[in-house]
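Note sheet for the following structure.
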Amino acid sequence: MRHPPLIADEELRLRALAEYGFLDEPAEPGLSDVTQLAARMFGVPTAVVNLIDRNHVFFAASVGTDHIDPSLAGRDISFCAHAITEDSVMVVPDATLDPRFHDNPLVTGPASFRFYAGVPLRVASGQALGAFCIIDTRARSSFSEFDRQQLESLAKLVIDKLELRRLDIAGRVSQERFRNIAATSPDSIICTDAEGSITMWNAAAERMFGYAAGEAVGQKIDLIIPDHLRDEIYEDRLRVTAGGSSRLVGRTNDMLGLRKDGSLFPGELSLSMWREDGDLSFGAIIRDVTERRRNEDRLYHLAHHDQLTDLPNRGVLKQRVGEEIAGGQPVTLIIADLDGFKDINDTLGHDCGDAVLKEAARRLSGCVRPTDTVARVGSDEFALLLPGLADPMQAAAIAETAIKALTRPFVLDSHEIHMSAGAGIAIHPAHGESADELIGNADLALFQAKLDGRGTRTLFTRAMRSAAVARRTYDVEIRRAVENGELRLYYQPQVRLSDGVLVGAEALIRWLHPERGLVSPAAFLPALEGGLLAATVGDWVLETACTQAAAWRSRGAPAFRMGVNLFGAQFRADDLVAKVAAVLRDRHLSPDALELEITENIVLDQNDTVLGPLRALRDMGVGIAFDDYGTGYASLSLLKRFPITRLKIDQTFVRTMCESPADDAIIRAVLYLGESFGLDVIAEGIETEAQRAQLIKNGCTEGQGYLFGRPMAPEDFAAAFDLFKRQTRTAA
Ligand code: C2E
Ligand code: MG
Ligand code: MG
Numbered sequence: 004m005r006h007p008p009l010i011a012d013e014e015l016r017l018r019a020l021a022e023y024g025f026l027d028e029p030a031e032p033g034l035s036d037v038t039q040l041a042a043r044m045f046g047v048p049t050a051v052v053n054l055i056d057r058n059h060v061f062f063a064a065s066v067g068t069d070h071i072d073p074s075l076a077g078r079d080i081s082f083c084a085h086a087i088t089e090d091s092v093m094v095v096p097d098a099t100l101d102p103r104f105h106d107n108p109l110v111t112g113p114a115s116f117r118f119y120a121g122v123p124l125r126v127a128s129g130q131a132l133g134a135f136c137i138i139d140t141r142a143r144s145s146f147s148e149f150d151r152q153q154l155e156s157l158a159k160l161v162i163d164k165l166e167l168r169r170l171d172i173a174g175r176v177s178q179e180r181f182r183n184i185a186a187t188s189p190d191s192i193i194c195t196d197a198e199g200s201i202t203m204w205n206a207a208a209e210r211m212f213g214y215a216a217g218e219a220v221g222q223k224i225d226l227i228i229p230d231h232l233r234d235e236i237y238e239d240r241l242r243v244t245a246g247g248s249s250r251l252v253g254r255t256n257d258m259l260g261l262r263k264d265g266s267l268f269p270g271e272l273s274l275s276m277w278r279e280d281g282d283l284s285f286g287a288i289i290r291d292v293t294e295r296r297r298n299e300d301r302l303y304h305l306a307h308h309d310q311l312t313d314l315p316n317r318g319v320l321k322q323r324v325g326e327e328i329a330g331g332q333p334v335t336l337i338i339a340d341l342d343g344f345k346d347i348n349d350t351l352g353h354d355c356g357d358a359v360l361k362e363a364a365r366r367l368s369g370c371v372r373p374t375d376t377v378a379r380v381g382s383d384e385f386a387l388l389l390p391g392l393a394d395p396m397q398a399a400a401i402a403e404t405a406i407k408a409l410t411r412p413f414v415l416d417s418h419e420i421h422m423s424a425g426a427g428i429a430i431h432p433a434h435g436e437s438a439d440e441l442i443g444n445a446d447l448a449l450f451q452a453k454l455d456g457r458g459t460r461t462l463f464t465r466a467m468r469s470a471a472v473a474r475r476t477y478d479v480e481i482r483r484a485v486e487n488g489e490l491r492l493y494y495q496p497q498v499r500l501s502d503g504v505l506v507g508a509e510a511l512i513r514w515l516h517p518e519r520g521l522v523s524p525a526a527f528l529p530a531l532e533g534g535l536l537a538a539t540v541g542d543w544v545l546e547t548a549c550t551q552a553a554a555w556r557s558r559g560a561p562a563f564r565m566g567v568n569l570f571g572a573q574f575r576a577d578d579l580v581a582k583v584a585a586v587l588r589d590r591h592l593s594p595d596a597l598e599l600e601i602t603e604n605i606v607l608d609q610n611d612t613v614l615g616p617l618r619a620l621r622d623m624g625v626g627i628a629f630d631d632y633g634t635g636y637a638s639l640s641l642l643k644r645f646p647i648t649r650l651k652i653d654q655t656f657v658r659t660m661c662e663s664p665a666d667d668a669i670i671r672a673v674l675y676l677g678e679s680f681g682l683d684v685i686a687e688g689i690e691t692e693a694q695r696a697q698l699i700k701n702g703c704t705e706g707q708g709y710l711f712g713r714p715m716a717p718e719d720f721a722a723a724f725d726l727f728k729r730q731t732r733t734a735a
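Going by our numbering, the sequence shown opens with residue 4, and the numbers climb by one from there.
Structural data, given as structure tokens:
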């Protein structure tokens, strides 16, 4: 640990510090607003106005310091003691990596400082009394130039307040000193006698009010007090001269100052009172706070608005939702989000992304009434708060308008960018009693809208919440499974029924769970399909199965065909065709080596999204199998419209075909359908020789089932069908 550097004019600094009266009363309540604002603006737990005495430091104001052991107040371990030796902001992104602090007890102990940024509090005399700092227990990778400026603005507010305190204290201490300080003070210092006649008028008062000292001295103080405030001041003076106590003395009062030219300015007034040779005198310190108010307004705005779009942020949205709910009126909340925004950022750059967001904000603001709120609640997420609206149909119509507004092309320089959007809707009181609940449920509805496909708007339902709870537990586990390579592919043989010759395999996913062992897809696929990882896992299945197919094709099964089941999410991801093409190319696989299996659910859920890619895949020469055929409602027209090459007869019919003439008839009907449409047919779930014989009799040529082999690990599959000249393994 390194001790803080020494300060050349330390004695001067300590004398300056003494003028602020902190040795008698360390706390300054007027500063707690600033520390709170800082903590909120920077999202840190701790913000401190830290003053530095000869050997110790003390907090004039702080938030989030309860957990810091008060005995750790030595100057030698203080971060701020370093900061005051710097010219501007001192930033320590990660204290554990900083040679000055890594073994500091504030870092290694329970206080756990990691991130620190502090600005020296340099007062008018040039001395740094201490530092204004923010602290986090997590490291930060960056602190931008903009962040520095904000922190410096806040430190200026602190210095302003400190200055007021100094003058106030000086006034209380002695008349003589008061006059000395008055001469150089940047604040107006005005004294009056008990009757309110001005007896002293300093240089700053001349500048602030426009009267020279010669003009002002001898006049009534009313000179600088606007009409409507005169009575209050007059009454206060009367009260005091009559021996009562003042309402104005001893605290800071907001006031309006009246200039010689008649204009008004916001001021802050500290009044003191003393007896000089037995006569009562009043001293007023007046500060022009125009600049500070502007600064405060700006900081307030920054803490509550999104910088890029200037819309209210999530915090403000939450507050307003809470207010509307408290008002007892219905409220509709719509959360909309741009699809594929990340791609814009990645491919066209952040400037372009920023421009899209600004324009999106502008368009959404145009979709609502002036009494509604549009807020930016995430990187590409916006919220529309519609007080008084309770009708789901109307809410849906507004959500659709918003989606349409975001779907219009964005024209930027030479680019025309096409985006789509989804929206979730939640309505108080039906969908949430509190702001948090309503916002959370609108988010869930948005999540569902995204699953339902582009351009969708969805109203919250209770079922979404229970689904979310289940998803959350599974999501974490499945994510881990993907990251740790716990997923495996098993392969089930597909054979020619007449002689049992291997024609291909279907890849079937398994989860090798560290505690539960081999988990079958029925247990985790519903959660996976409802979560965010389906497309990722689907891509992995495709790649792994194709690698395996390429290996077996080169090792004794040249015409081998690999069946791969697809997830709906892979179609929604928009790049399925390109992915399949790349996978085939990279593995030198002929397209007919791959057969993609789709189910009726995929087709019916997203008719439009599926048809285009399927046609492209078919044109490429890839096989398309319709899985579990016969179990659903797949109509004949569907078979005509979709570019399907094979029907897979579902195992439920095969299982009972020998006993149930009805099921046998269905199988024959499917085979007949296949023949009429020119489609291949394969039967699933063949377990007995009787079933095989019956299928052959009906004209079925290919089959899959336990009779020929269960789904197997790749090495077992290779052994069973003599497919390894050398050991092959899939990359899991
Ligand atoms: P599916 O595509 O219809 O797969 C056939 C299922 O029937 C497999 O169950 C297989 O083990 C089982 N099976 C095969 N022959 C017989 C038999 O003779 N008797 C019996 N009783 N069952 C047999 P599995 O592996 O549990 O897979 C269930 C479903 O999970 C699959 O149905 C498929 O829809 C889905 N699935 C499996 N792997 C994947 C995958 O990688 N991606 C996608 N998207 N879905 C997958
Ligand atoms: Mg299948
Ligand atoms: Mg099937």
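All C-beta atoms, glycine included, are put in the ideal place defined by N, C-alpha and C.
For this session: Look at V95 and D101 and say whether their C-beta atoms are less than 7 Å apart.
Result: Your numbering for residue 95 matches position 92 in the sequence shown. Your numbering for residue 101 matches position 98 in the sequence shown. Yes; because the gap between Cβ atoms is below 7 Å, this pair is in contact.
Problem set entry | Bridge partners - I228, DSSP secondary structure assignment | Taking the sequence shown and counting its residues from 1, one reaches residue 228 at position 225. Paired residue(s): none; I228 is not in a bridge.
For this session: Closer than 8 Å by C-beta to G443: which residues in its own chain qualify, once you throw out the five before and the five after it? Chain order, please.
Result: Against the sequence shown, residue 443 aligns to sequence position 440. Closer than 8 Å at the Cβ level, and outside the excluded window around G443, lie G435.
For this session: Decide if the region 295-311 is in contact with the region 231-251; the criterion is three or more beta carbon pairs, one per stretch, under 8 Å apart.
Result: no
Exercise. Where DSSP assigns a beta bridge to P390, which residues make up the other side?
Worked result: Working through the sequence shown from its first residue, we reach residue 390 at position 387. Beta-bridge pairing links P390 to V334.
Problem set entry | Cβ-based neighbour list, R732, same chain, cut-off 6 Å, excluding 5 preceding and 5 following | Counted from its first residue, the sequence shown places residue 732 at position 729. Confidence in R732 is poor, its pLDDT being 45 and thus under 50, which makes the residue's placement unreliable; the coordinate value appears in the next sentence. So the list is empty, once near-sequence residues are dropped.
Exercise. Out of K159, T99, D577, D589, which has the shortest C-alpha to C-alpha gap to C549?
Worked result: Working through the sequence shown from its first residue, we reach residue 549 at position 546. It is D589.
Exercise. Is there contact between the region 529-545 and the region 689-708, where contact requires at least three CB pairs shorter than 8 Å?
Worked result: no
Exercise. Can you check whether the CB of I406 is closer than 7 Å to the CB of A438?
Worked result: Sequence index remark: in the sequence shown, residue 438 carries index 435 (1-based). Sequence index remark: in the sequence shown, residue 406 carries index 403 (1-based). No, the pair does not count as a contact, with Cβ atoms beyond the cut-off.
Exercise. When the Cα atoms are used, what is the spatial distance from A734 to T547?
Worked result: Working through the sequence shown from its first residue, we reach residue 734 at position 731. Working through the sequence shown from its first residue, we reach residue 547 at position 544. Because the pLDDT at A734 is just 41, under 50, the model does not fix this residue reliably, and the value given afterwards should be weighed accordingly. Going by the C-alpha atoms only, they are around 7 Å apart.
Problem set entry | Own chain, CB closer than 8 Å to V371, minus 5 neighbours either side, in chain order | Walking along the sequence shown from the start, residue 371 turns up at place 368. So the list reads V377, L387, L389, I401, once near-sequence residues are dropped.
For this session: Within 10 angstroms of the Cβ of V414, are there 16 or more other Cβ atoms? Answer buried if so, exposed if not.
Result: Position 411 of the sequence shown, counted from the start, is the residue given in the question as residue 414. Its Cβ having fewer than 16 others within 10 Å, V414 is exposed.
For this session: Note down the Cα distance separating F720 from A560, rounded to an integer number of angstroms.
Result: On the sequence shown, residue 720 is found 717 positions in, with the first residue counted as 1. On the sequence shown, residue 560 is found 557 positions in, with the first residue counted as 1. Distance between the alpha carbons of F720 and A560: 12 Å.
Exercise. What is the rounded straight-line gap between the Cα of K164 and the Cα of G33?
Worked result: Position 161 of the sequence shown, counted from the first residue, corresponds to residue 164. Position 30 of the sequence shown, counted from the first residue, corresponds to residue 33. Roughly 7 Å separates the two Cα atoms.
Exercise. With burial defined as no fewer than 16 other Cβ atoms inside 10 Å of the residue's Cβ, what is the status of D653: buried or exposed?
Worked result: As a position in the sequence shown, residue 653 is number 650, starting the count at 1. Buried, since its Cβ has 16 or more Cβ neighbours within 10 Å.
Problem set entry | Exposed unless 16 or more other CB atoms sit within 10 angstroms - verdict on K643 | Within the sequence shown, numbered from 1, the residue matching residue 643 stands at position 640. Classification of K643: exposed, given that the 10 Å Cβ count is below 16.
For this session: Indicate, with yes or no, if ligand 1 has a heavy atom lying under 6 Å from the CB of L412.
Result: Sequence index remark: in the sequence shown, residue 412 carries index 409 (1-based). First, the amino acid is wrong: residue 412 is Pro here, not Leu. False, no ligand heavy atom lies under 6 Å from that Cβ.
Exercise. If we count the other Cβ atoms within 10 Å of its Cβ and call it buried at 16 or more, is V472 buried or exposed?
Worked result: On the sequence shown, residue 472 is found 469 positions in, with the first residue counted as 1. V472 should be labelled exposed.
For this session: Could you check the C-alpha separation between I420 and P269 for me, to the nearest Å?
Result: For the purposes of this step, residue 420 is identified with residue 417 of the sequence shown, where counting begins at 1. For the purposes of this step, residue 269 is identified with residue 266 of the sequence shown, where counting begins at 1. For I420 and P269, the distance between alpha carbons rounds to 48 Å.
For this session: Confirm the yes/no value for this check: CB of D666, any heavy atom of ligand 3, distance under 6 Å.
Result: Position 663 of the sequence shown, counting from 1, holds the residue named residue 666. Outside the cutoff, so no.
Exercise. Is A429 closer than 7 Å to L441 when the C-beta atoms are compared?
Worked result: Position 438 of the sequence shown, counting from 1, holds the residue named residue 441. Position 426 of the sequence shown, counting from 1, holds the residue named residue 429. Going by C-beta atoms, L441 is nearer than 7 Å to A429.
For this session: Give me every residue whose Cβ sits closer than 7 Å to any heavy atom of ligand 3, in chain order.
Result: D630, D631, K651, D653, Q654, E687
Problem set entry | Sequence-distant residues of its chain with Cβ nearer than 6 Å to G356 (five each side left out) | What you label residue 356 is simply residue 353 of the sequence shown in a count that begins at 1. So the qualifying residues of the chain are I347, N348.
Exercise. If we ignore side chains and look at the alpha-carbon of each, how far apart do A206 and C194 end up?
Worked result: To locate residue 206, count along the sequence shown from 1; it is residue 203. To locate residue 194, count along the sequence shown from 1; it is residue 191. Cα to Cα, A206 sits roughly 13 Å from C194.
For this session: May I ask you to list the residues that DSSP assigns as paired with W204?
Result: Translated into positions along the sequence shown, residue 204 becomes position 201. Note: W204 sits in a beta bridge opposite I193.
For this session: Hey, could you find the ends of the beta strand (DSSP E) H516 is sitting in?
Result: Here residue 516 refers to the residue found at position 513 of the sequence shown. Here the beta strand (DSSP E) through H516 covers 505-516.
Exercise. Skipping 5 residues on each side, what residues in its chain have a beta carbon closer than 7 Å to that of P315?
Worked result: What you label residue 315 is simply residue 312 of the sequence shown in a count that begins at 1. H307, H308, T376, A378.
Exercise. So, are the CB atoms of A702 and L682 less than 7 Å apart?
Worked result: Position 699 of the sequence shown, counting from 1, holds the residue named residue 702. Position 679 of the sequence shown, counting from 1, holds the residue named residue 682. Sequence check: residue 702 is Gly here, not Ala. Not closer than 7 Å, so no.
Problem set entry | Any non-hydrogen atom of ligand 2 within 6 Å of E486 CB | Looking up residue 486 in the sequence shown gives position 483. E486: no, Cβ never under 6 Å from ligand 2.
Exercise. Can you name the residues that DSSP bridges to F413?
Worked result: Taking the first residue of the sequence shown as position 1, residue 413 is located at position 410. In the DSSP output, where bridge partners are listed per residue, F413 has I420.
For this session: Kindly examine ligand 1 and report whether one of its heavy atoms sits closer than 6 Å to the Cβ of E603.
Result: Along the sequence shown, one-based indexing puts residue 603 at 600. No - ligand 1 has no heavy atom lying nearer than 6 Å to the Cβ of E603.
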